[in-house]
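The block underneath contains the structure these notes are about, expressed in structure tokens.
2 protein chains.
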Amino acid sequence: MSAADISSPKRDHLMATAWRLFYRDGYRAVGIDMILAEAGVAKMTLYNHFASKEELIIAVLEKRDCEFRQSIIAKVEAAGLDPEQRLLAVFDWVEGWFGSEGFRGCAFIRALSEYPDPAHPIHQTAWHHKLAVLSALKDLCTAAGAKDAESLANTLGLLIDGAIIAAHATCTTAPARSARATAASLLKLAAA
Amino acid sequence: MSAADISSPKRDHLMATAWRLFYRDGYRAVGIDMILAEAGVAKMTLYNHFASKEELIIAVLEKRDCEFRQSIIAKVEAAGLDPEQRLLAVFDWVEGWFGSEGFRGCAFIRALSEYPDPAHPIHQTAWHHKLAVLSALKDLCTAAGAKDAESLANTLGLLIDGAIIAAHATCTTAPARSARATAASLLKLAAA
DNA sequence: CACAAAATAGACAGACCTGTCTATTTTCTT
DNA sequence: AAGAAAATAGACAGGTCTGTCTATTTTGTG
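Right, dumping it as structure tokens:
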């Protein structure tokens, strides 16, 4: 869209550093100066690539959105052809994510929380990610023969988001298995 | 616990104002000065009642925790004696909450998000609230004849937290009904 | 009334924040 | 090698933040 979207080594490095710090400490808690110091980049370089901190945050979220969904899709593809197994593979992916080093919840949920005004650009960017995941879930539900695929996908989305919060607060992966088990039950009901 | 816990008009007024602003804009986004200006109170009055902003946030969350749970319990009691209806009344309460003026998600989820370090006092305070709600849910599940009440309560907790996020982002109450319908199905399965 | 406790305004410190500007150096391309 | 583009350090502005301090006034109580 904008010229700032063109990839460049400095830009990528800034986004990677920003992502790491934002995810660890929060969007408001991390200042521009800290990102610059950690990345070893001059301030004007950042402001030549991004118009503002807000644009940097949005760029980081959009990049992360792509990576996330690709990672989920890869897990689904690796699960084979059985539609039920493919759907449940999402929950296996979630469990692996919960157990990953430095897991601190969902960056998008946290963005929704830190920018609670639904009209805020960051809030909306974060929500678009959730909608994209729901859309992918719906396709998996349809393939698995669910009667009301959209409704089931939305419910599975609730389970996943709830599990993220529980896993973040408890530092455990157990919520993923609860969500998975419930998803399996719901799928059975919806396909009957 | 501490002397600061003693109630006083000024203290209560500060906490009410702080709650309103924190909930509307976020914990980090709202500064002490804004709370003081809005409440019409001198800075030293605040710091005589609270050792720090962090303590103020924790005090506000703890107070809100009590009010929340009492409000839920009242709704459950008003639902009568049927155990299933009592459990589902929680979801009716949630729907009413989602539709309330100025709804901006869950202050506790947002506290978990803004203070993502699980060791942070604010993070832990917020999680204690969620645990208390889960405990109450478990009692309702037990009364409703669920085989594994704790497991069911945890799953219902996932649904509720997920619904909160969806309702916040979409400004709708629909997620509450999705969660309620799913809860009814799960209860039937668990009581069979 | 008199005394003590609570609250007040407002200055202040020291740090941090985002974003701008300039002058210089490095890097890339031709 | 030469010119253009990108990146650099670092100062700077103007504002915000939390928390402290003082001197004064209000409030509540015996």
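Protein chains in written order, with the numbering used here: chain U, -12 to 179; chain W, -12 to 179. Glycine included, each C-beta is placed from N, C-alpha and C at the ideal position.
(request) Leaving out five residues on either side along the sequence, give the residues of the same chain with a beta carbon under 8 angstroms from the beta carbon of Leu8/U. (result) Val17, Met21, Ile22 and Glu25
(message) Quick check on the DSSP output: what are the complete beta strand (DSSP E) runs of length 3 or more inside the segment 62 to 114 of chain U, in order along the chain?
(response) none
(message) Do Gly149/U and Ile147/W have their beta-carbon atoms positioned less than 8 angstroms apart in this structure?
(response) yes
(message) Against Trp114/W, what residues of chain U qualify as contacts under a CB-to-CB distance less than 7 angstroms, listed in chain order?
(response) Ala156
(request) Would you mind giving the Cβ-Cβ distance between Lys40/U and Ile60/U, rounded to the nearest angstrom? I have them listed as a contact below 8 angstroms. (result) Actually they are not in contact, since the Cβ atoms of Lys40/U and Ile60/U sit about 31 angstroms apart, beyond 8 angstroms.
(request) Verify whether the separation of the beta carbon atoms of Leu127/U and Arg73/U is less than 8 angstroms. (result) yes
(message) When you compare the CB of Pro162/U with every CB in chain W, is at least one pair closer than 8 angstroms?
(response) yes
(request) State yes or no: is the beta carbon of Arg56/U nearer than 8 angstroms to at least one beta carbon in chain W? (result) no
(message) Considering Cα atoms alone, identify which of Lys(-3)/U, Thr142/U and Lys117/U is closest to Leu99/U.
(response) Lys117/U
(message) Does Ala165/W pass the burial test, meaning 16 or more other C-beta atoms within 10 Å, or should it be called exposed?
(response) Before going on, a small fix: residue 165/W reads as Ser here, not Ala. The residue in question, Ser165/W, is buried, as its Cβ has 16 or more Cβ neighbours within 10 Å.
(message) Residues of the segment 66 to 92 of chain W in Cβ contact with chain U at a cutoff of 9 angstroms, in chain order, please.
(response) Arg91 and Gly92
(request) Could you name the residues of chain W that Asp150/U contacts, counting a contact when the two beta carbons are closer than 7 angstroms? (result) Residue 150/U is actually Ala in this sequence, not Asp. Those within 7 angstroms of Ala150/U in chain W are Leu145.
(message) For a cutoff of 8 angstroms on Cβ pairs, would you count Ser122/U as touching chain W?
(response) no
(message) Between which residues of its own chain and Thr160/U is the CB-CB distance below 7 angstroms, once the five residues before and five after are set aside?
(response) Glu82, Phe85, Gly86 and Ala154
(message) Quick check on the DSSP output: what are the complete alpha helix (DSSP H) runs of length 4 or more inside the segment 110 to 170 of chain U, in order along the chain?
(response) 136 to 157
(message) For Ala106/W and Gly132/U, I'd like the C-alpha separation in whole angstroms.
(response) 43 angstroms
(request) To the nearest angstrom, report how far apart Ala168/W and Leu173/U are at their CA atoms. (result) 11 angstroms
(message) So that I know if they touch, is there some Cβ in chain U lying closer than 8 angstroms to that of Thr169/W?
(response) yes
(request) Output, in chain order, the set of chain W residues within a Cβ distance shorter than 7 angstroms of Thr142/U. (result) Ser165 and Thr169
(request) Alpha carbon to alpha carbon, how far is Ile109/W from Ser122/U? Give it in angstroms, no decimals. (result) 34 angstroms
(message) Here's the rule: buried if 16 or more other CB atoms are within 10 angstroms of the residue's CB, otherwise exposed. What is Ile(-7)/U?
(response) exposed
(request) Can you give me the start and stop residues for the alpha helix (DSSP H) that Tyr10/W sits inside? (result) Pro(-4) to Asp12
(request) Go ahead and label Leu68/U buried or exposed: buried means 16 or more other beta carbons lie within 10 angstroms of its beta carbon, across all protein chains shown. (result) exposed
(request) Tell me whether Ala179/U sits in a helix, a strand or coil according to DSSP, three-state version. (result) coil
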